[in-house]
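Participant: Residue numbers (the working numbering): 206 to 483.
Before we start, here is the structure in question, set down as structure tokens.
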DNA sequence: CGGGCTGTTGACTC
DNA sequence: AGAGTCAACAGCCC
């Protein structure tokens, strides 16, 4: 599932491959994934020139002369940049460009492509109310964010209104690196634990970005990332030994999501789950 | 063959 | 504010 590292890598590819190109034609097979009518969407982007692409959490933000294009790949969505003759079987939105090239957008689940008028990103659309990118928050700001918060650390980190870009794939190794159980109540976190968590967020996300993002996702040219199963510490490693202490990694239910943890390195002290703290 | 699992976002409720 | 639930809908696995 694309999270911040994947989006960062896709944005780099879009800047390399798409910046400066002109959109000649837009086609939509699944109007549901748009926020406006097909006519309005195509009307805005046909004839437009593509500018820079930036990242807001799990959203790709592409400026064009016809408005801002927002792409959310949901779970397992893909972008494909190919010659028109190599049109894939499955696609939901296509942008035909100059030089016979096309950008195909294919969703697995829950993906969307939005048109937002230039300059209104912060006031309307899905980016309004989104928290800062997880990699853009310094330690002081992170400490302030958590100050006075209640609830559990995992659900806080996954909430895109707080921090944008962390999803249920990278969270496992982030919490493991910080030595935190996903259900730890935020008020029970020590200053040292908060500092370690801040460091872990940066380190784990950047580790994947450096390797070109997750290997189960592919880039605009169809190339897989270099961050694979052997790079994971506890995530999706149920029954395998913890890399730090050798204890069996467990898969547990944490609310509506699953979590992979080392029960030894990420203890949930019963004294610390006092219901009054939640 | 079928049902459970996967896990994003936003809306909604308590 | 936070936690829970649901709905959107594809494909894999057993």
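Built from N, CA and C at the ideal position, the CB exists for glycine as well.
Can you tell me the Cα-Cα spacing of residue 240 and residue 289, whole angstroms?
Facilitator: If you take the alpha carbons of residue 240 and residue 289, they lie about 26 Å apart.
Participant: Could you tell me the distance, in whole angstroms, from the CA atom of residue 274 to the CA atom of residue 266?
Facilitator: About 6 Å.
Participant: For residue 350, tell me which candidate among 456, 384, 402, 381 has the shortest Cα-Cα distance.
Facilitator: Among 456, 384, 402, 381, the Cα nearest to that of residue 350 is on 402.
Participant: Between residue 445 and residue 435, what straight-line distance do the alpha-carbon atoms span, to the nearest angstrom?
Facilitator: In a straight line, the C-alpha of residue 445 is about 12 Å away from that of residue 435.
Participant: Could you give the first and the last residue of the continuous beta strand (DSSP E) run that contains residue 267?
Facilitator: 264 to 269 is the extent of the beta strand (DSSP E) around residue 267.
Participant: Fully enclosed by the region 282 to 365, which alpha helix (DSSP H) runs are 4 residues long or longer?
Facilitator: Within the region 282 to 365, the complete alpha helix (DSSP H) runs of at least 4 residues are 344 to 351, 358 to 363.
Participant: Taking contact to mean 3 or more Cβ pairs, one atom from each stretch, closer than 8 Å, check whether the region 296 to 312 and the region 324 to 337 are in contact.
Facilitator: No, they do not touch.
Participant: Hey, how far is the Cα of residue 399 from the Cα of residue 294?
Facilitator: C-alpha separation (whole angstroms): 47 Å.
Participant: Roughly how many whole angstroms lie between the Cα atoms of residue 354 and residue 361?
Facilitator: Between residue 354 and residue 361, the C-alpha separation is close to 9 Å.
Participant: Indicate whether residue 420 and residue 427 have their beta-carbon atoms separated by less than 7 Å.
Facilitator: No, Cβ-Cβ distance for residue 420 and residue 427 is not below 7 Å.
Participant: Under 7 Å between the Cβ atoms of residue 246 and residue 228?
Facilitator: The answer is no: Cβ separation not under 7 Å.
Participant: Quick check: residue 433 and residue 465, are their CB atoms within less than 7 Å of each other?
Facilitator: Against a cut-off of 7 Å, the Cβ pair of residue 465 and residue 433 comes out as no contact.
Participant: Rounded to a whole number of angstroms, what is the C-alpha to C-alpha distance between residue 291 and residue 425?
Facilitator: Whole-angstrom Cα-Cα distance: 13 Å.
Participant: Let me check one thing: in DSSP terms, what residues is residue 465 bridge-paired to?
Facilitator: According to DSSP, which records beta bridges pairwise, residue 465 is partnered with 456.
Participant: When we look at the beta-carbon of residue 313 and count the other beta-carbons within 10 Å, is it buried (16 or more) or exposed?
Facilitator: Classification for residue 313: exposed.
Participant: Closer than 7 Å by C-beta to residue 230: which residues in its own chain qualify, once you throw out the five before and the five after it? Chain order, please.
Facilitator: So the list reads 251, 301, once near-sequence residues are dropped.
Participant: Could you tell me whether the region 207 to 227 touches the region 402 to 418, where touching means 3 or more Cβ pairs closer than 8 Å?
Facilitator: Because the criterion of three Cβ pairs below 8 Å is met, the region 207 to 227 and the region 402 to 418 touch.
Participant: Measure the alpha-carbon distance for residue 281 versus residue 422 and round it to whole angstroms.
Facilitator: Rounded to the nearest angstrom, the two C-alpha atoms are 7 Å apart.
Participant: Note the first and the last residue of the continuous alpha helix (DSSP H) segment covering residue 257.
Facilitator: Premise fails: residue 257 lies in the beta strand (DSSP E), 255 to 261, not in any alpha helix (DSSP H).
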